[in-house]
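Engineer: Numbering (this note's numbering), first residue to last: 580 to 790.
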């Protein structure tokens, strides 16, 4: 089951949100992410958080519209995004798309990337998406699909990724040791529809980005 999560960062466009909802079974909203849903006239299945960033009229509206409301204290040991992630786990999600998880608060962006790691630990395929980026975390050989000239970047999300090979891209690699902080694998390009990413061990953040 695919779950779409909307958090309180930069709101997704209506087109992006509708595109993800076409294949989603559940829409869960974290706190201020509800403001854009209200503007788009879309009701979430769940609205969760400490409600320090949601507009009061929006909260009142969803309380009376059939949305399930779950409130947490402001002082807590987890972010609102983490709270809604665990709701998705509880609902047996096998795929999660995080929207509204990028923006001006880079600390929250890092926290959201941490949700990709938690998802991987639970065996759940997950993505962070906005208008210009799609981010996922991989821990095994993968084939990614795109169009010639499209950009992708790889970052080690561990001390070292062993024996990394990139096949079918503009800049290929063979058995490269990709260390944390290494920028060699930034801004690669598709040469055809498929790029194969092979590595022996480690975890890689895969960015699909456009200007």
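Glycine residues also receive a C-beta, built at the ideal position from the N, C-alpha and C atoms.
1. In whole angstroms, give me the CA-to-CA distance for residue 761 and residue 585.
2. From the DSSP output, in three-state form, read off residue 744 for me.
3. Would you report the Cα separation of residue 657 and residue 618, rounded to the nearest angstrom?
4. Going by other Cβ atoms of all chains shown within 10 Å of its Cβ, with 16 needed for buried, is residue 625 buried or exposed?
5. Roughly how many angstroms separate the alpha carbons of residue 688 and residue 679, rounded to a whole number?
6. Look at the Cβ atom of residue 739, then the Cβ atom of residue 719, and state whether they are nearer than 8 Å.
7. Considering residue 692, what are the terminal residues of the beta strand (DSSP E) in which it resides?
8. Note down the Cα distance separating residue 775 from residue 665, rounded to an integer number of angstroms.
9. On the DSSP letters alone, give me the boundaries of the beta strand (DSSP E) that residue 609 sits inside.
10. Residue 713 bridges to which residues according to DSSP?
11. What would DSSP say about residue 765, mapped onto helix, strand or coil?
12. Identify, in the order they occur along the chain, each residue of the same chain with its Cβ nearer than 6 Å to the Cβ of residue 674, setting aside the five sequence neighbours on each side.
13. Should the region 777-786 be called in touch with the region 730-739, which here means at least 3 C-beta pairs below 8 Å?
14. Evaluate the contact criterion for the region 587-607 versus the region 693-703: three or more CB pairs, one atom per stretch, below 8 Å.
15. Quick one: give me the first and last residue of the beta strand (DSSP E) that residue 625 is part of.
16. Whole angstroms is fine: what's the gap from residue 620's alpha carbon to residue 595's?
Structural biologist: From the atom records:
1. Taking the first residue of the chain shown as 1, we reach residue 761 at position 182. Taking the first residue of the chain shown as 1, we reach residue 585 at position 6. Each residue's alpha carbon lies about 31 Å from the other.
2. Working through the chain shown from its first residue, we reach residue 744 at position 165. Shown here, residue 744 sits in a strand according to DSSP, grouped into three states.
3. Indexing the chain shown from 1 puts residue 657 at position 78. Indexing the chain shown from 1 puts residue 618 at position 39. Rounded to whole angstroms, the gap between the alpha carbons of residue 657 and residue 618 is 27 Å.
4. Translated into positions along the chain shown, residue 625 becomes position 46. Taking a 10 Å sphere around the C-beta of residue 625, we find 16 or more other C-beta atoms and assign the residue as buried.
5. By 1-based counting over the chain shown, the position of residue 688 is 109. By 1-based counting over the chain shown, the position of residue 679 is 100. The straight-line gap from Cα to Cα measures roughly 10 Å.
6. Residue 739 sits at position 160 when you count from the first residue of the chain shown. Residue 719 sits at position 140 when you count from the first residue of the chain shown. Cβ distance not < 8 Å, so residue 739 and residue 719 don't count as in contact.
7. What you label residue 692 is simply residue 113 of the chain shown in a count that begins at 1. No beta strand (DSSP E) contains residue 692, which is instead part of the alpha helix (DSSP H) from 685-700.
8. In the chain shown, counting from the first residue as 1, residue 775 sits at position 196. In the chain shown, counting from the first residue as 1, residue 665 sits at position 86. Inter-residue distance for residue 775 and residue 665 is about 32 Å (C-alpha atoms, whole angstroms).
9. Residue 609 sits at position 30 when you count from the first residue of the chain shown. Note, residue 609: beta strand (DSSP E), 605-609.
10. Numbered from 1 along the chain shown, position 134 holds the residue referred to as residue 713. Paired residues: 708, 787.
11. Here residue 765 refers to the residue found at position 186 of the chain shown. Note: residue 765 maps to coil in three-state DSSP.
12. On the chain shown, position 95 is the one that residue 674 refers to. Within the same chain, 581, 704 come within 6 Å of residue 674 by CB-CB distance, once the 5 residues on both sides are set aside.
13. Enough Cβ pairs lie closer than 8 Å, so yes.
14. No, the region 587-607 does not touch the region 693-703.
15. Within the chain shown, residue 625 is the residue found at index 46, counting from 1. Here the beta strand (DSSP E) through residue 625 covers 625-628.
16. In the chain shown, the residue the question calls residue 620 occupies position 41. In the chain shown, the residue the question calls residue 595 occupies position 16. Rounded to whole angstroms, residue 620 to residue 595 spans 15 Å at the Cα level.
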